[in-house]
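Just add 4 to wherever you are in the sequence shown, counting from 1, and you've got this note's numbering.
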Amino acid sequence: MARLFGPAACGCPAPHEGLACAAPTDGTAAFGQAVDEAALRATFPHAPTRRAMIRTFGAATLLAAIADQLPLHIAREALAQGAPAAAPEKRDLKIGFIPITCATPIIMADPMGFYRRHGLNVEVIRTAGWAVIRDRAIAREYDAAHMLAPMPVAMSLGVGVAQPIPWAVAAVENVNGQAITLANKHREKRDPKDWRGFRFAVPFDFSMHNYLLRAYVAEAGLDPDRDIQIRSVPPPEMVANLRADNIDGFLGPDPFNQRAVFDGIGFLHVLTKEMWDGHPCCAFAVPRSMVTETPNTYAALLRAIVEATAHSNNQANRREVAAAISGPNYLNQPQTVVEQVLTGTFADGLGRVQRVPDRIGFDPYPWHSMAVWILSQMRRWGQLQREVDYRAVAEQTFLALDAGRAMRDLGLPVPASPMRSERILGRTFDPANPDAWLPAGGIRR
5 MARLFGPAAC
15 GCPAPHEGLA
25 CAAPTDGTAA
35 FGQAVDEAAL
45 RATFPHAPTR
55 RAMIRTFGAA
65 TLLAAIADQL
75 PLHIAREALA
85 QGAPAAAPEK
95 RDLKIGFIPI
105 TCATPIIMAD
115 PMGFYRRHGL
125 NVEVIRTAGW
135 AVIRDRAIAR
145 EYDAAHMLAP
155 MPVAMSLGVG
165 VAQPIPWAVA
175 AVENVNGQAI
185 TLANKHREKR
195 DPKDWRGFRF
205 AVPFDFSMHN
215 YLLRAYVAEA
225 GLDPDRDIQI
235 RSVPPPEMVA
245 NLRADNIDGF
255 LGPDPFNQRA
265 VFDGIGFLHV
275 LTKEMWDGHP
285 CCAFAVPRSM
295 VTETPNTYAA
305 LLRAIVEATA
315 HSNNQANRRE
325 VAAAISGPNY
335 LNQPQTVVEQ
345 VLTGTFADGL
355 GRVQRVPDRI
365 GFDPYPWHSM
375 AVWILSQMRR
385 WGQLQREVDY
395 RAVAEQTFLA
405 LDAGRAMRDL
415 GLPVPASPMR
425 SERILGRTFD
435 PANPDAWLPA
445 GGIRR
């Protein structure tokens, strides 16, 4: 029987995208393949003839023709009824995370039992910063990791590391959920044209925060490498640096934007959802070897994450989730701060209480168009020095087929295509023509 993931190990006639097989992941793939093989053998009982027909027309074409006459889908479904999910090859896993609300599904899946529900014993490990996450992931101290969405892309291309490290985004952890926070002394400098000389923090060089901040100030005519300073600061240290006047502001993850307001030292200048509504931020990342070496573990882990993500996205669950993740083992933040972020009812530090229910969302689908925009920004700002096939890299690093299958198993809607146009900073981004999004005569390429 074929493995459930990975074209190198799969013998099914279905189309493949990146590393994933298009067969179901719930244990029915092997049963479906058995039906298909039986149908081919019954139609072409002589092996030489069968092999010749497959070489000439392809198994998928032959099966489609047979299916016009025989209800193969009924046979597949009947045979798969009651088939249990295959047991994970490895049950004891370690997952590193940064204590931010972007990691909500990864974190809450521990105290709320989502990992155990799928036969896994997972230890989630608080980690100091993104460089530490990356290094421990490369050393395989972590079986999977909470990563910034651009990190697996950069690692797989060998950007920022000594050699290419094949990791992939199995699911997006959160959309939106970031903000530009400024020190209170800058309340009269709300126009980014006035930010020349400002010092900003972002969590990491390979982050949506870095790329969004750069694009935002470039729209105002500032060169992010010459007119302002951008430095990498671990998210838990951002508020302390703002208080100490080491930085003028940061584009960072919550709950630290809200914590700056809570502590009375900063205000929310703009939510990143106003720059790009639905933008990715963090991801659930896995080594690509997990997909083929321990496919049952990968399938169980992905199902647990997608289920936790859907639970977190339900507004009715947000207060319960906030209570589960606020404690010292996880975010170590006042529950009030976490609730303000997750419920979207919050003080903005400018004397207003805002109600933005989708301030942060949890949508696991890793759109390839998101990866294409990330790659275009890596090229724009000189991180990626060579031309690459954006679409091919997106397919290999954003495993939309796998996430879509897990979503479908849970009854969640799945997009028909992993490519879509995006509305970013008021302009349409077409992933088929990424350079057209850059402003004419703008800063850099």
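Heads up, the beta-carbon is just placed ideally off N, CA and C, and yes, glycines get one too.
None of these values were measured; they are calculated from a predicted model.
In the three-state scheme derived from DSSP, where H, G and I count as helix and E and B as strand, Ala107 is classed as helix. Nearest to Val376 by C-alpha distance, out of Met423, Asn336, Arg356, Thr349, is Met423. For Thr313, DSSP assigns no beta-bridge partner whatsoever. Below 8 Å, enough C-beta pairs join the stretch 202-209 and the stretch 248-263 to call them touching: three or more. The residue among Met212, Met159, Val165 with its C-alpha nearest the C-alpha of Ile184 is Met212.
Phe260 places its beta carbon 8 Å or farther from that of Pro284. Secondary structure at Arg130: strand, using DSSP grouped into helix, strand and coil.
Taking a cut-off of 8 Å for Cβ pairs, the stretch 342-350 and the stretch 379-394 do not touch, as fewer than three such pairs fall below it. For His273, the uninterrupted beta strand (DSSP E) run begins and ends at 270-275, by DSSP. Spanning the alpha carbons of Glu127 and Ala89 requires a straight line of approximately 22 Å. With a cutoff of 8 Å on beta-carbon distance, Ala219 and Leu379 are scored as not near each other. Residue pairing by DSSP places Gly256 opposite Ala183 in a beta bridge. A straight line joining the alpha-carbon of Ala158 with that of Gly164 spans about 7 Å. Ser293 sits in a helix when the DSSP states are folded into three classes. Closest by C-alpha distance to Ala444, out of Asn300, Arg383, Gly133, Glu223, is Glu223.
Where Ala175 is concerned, the enclosing beta strand (DSSP E) starts and stops at 171-176. In the assembly as shown, Lys277 is a buried residue. Its beta-carbon has 16 or more other beta-carbons within 10 Å. In this chain, Ile99 is not harboured by any alpha helix (DSSP H); it is covered by the beta strand (DSSP E) spanning 96-101. Counted as a single uninterrupted DSSP element, the beta strand (DSSP E) harbouring Arg203 occupies residues 203-206.
Per DSSP, the beta-bridge partners of Pro284 are Val179. Listed as beta-bridge partners of Ile234 by DSSP are Phe204. Bridge partners of Ala351 according to DSSP: Val357.
The count of Cβ pairs closer than 8 Å, one atom from the stretch 360-367 and one from the stretch 172-190, reaches three, so the stretches are in contact. Cβ neighbours of Ala132 within its own chain (closer than 7 Å, five residues either side excluded): Pro238. Per the C-alpha coordinates, the member of Leu186, Ile104, His273, Phe266 positioned closest to Arg130 is Ile104. DSSP, read as helix, strand or coil, puts His150 in strand.
Fewer than three Cβ pairs drawn from the stretch 241-248 and the stretch 400-408 lie within less than 8 Å of each other, which leaves the two stretches out of contact.
As DSSP reads the structure, Gly365 sits in a beta bridge with Val179. Taking Lys94 as reference, the option from Ser373, Asp258, Ala107, Asp147 with the minimal CA-CA separation is Asp147. Beta-bridge analysis with DSSP links Phe402 to Val173.
Ranked by how close their Cα comes to the Cα of Ala287, the residues Glu399, Asn318, Tyr369 have Tyr369 in first place. Here the alpha carbons of Val221 and Pro115 stand approximately 40 Å from one another. The C-beta separation of His122 from Ala420 comes to about 27 Å, leaving the pair out of contact by the 8 Å criterion. In the DSSP assignment, Ile428 falls outside any alpha helix (DSSP H) and lies within the beta strand (DSSP E) extending over 426-428. The beta-carbon separation of Val173 and Thr313, rounded to 13 Å, does not stay under the 8 Å limit for a contact. Excluding its 5 nearest sequence neighbours in each direction, Ala141 has C-beta neighbours in its own chain below 6 Å: Ala149, listed in chain order.
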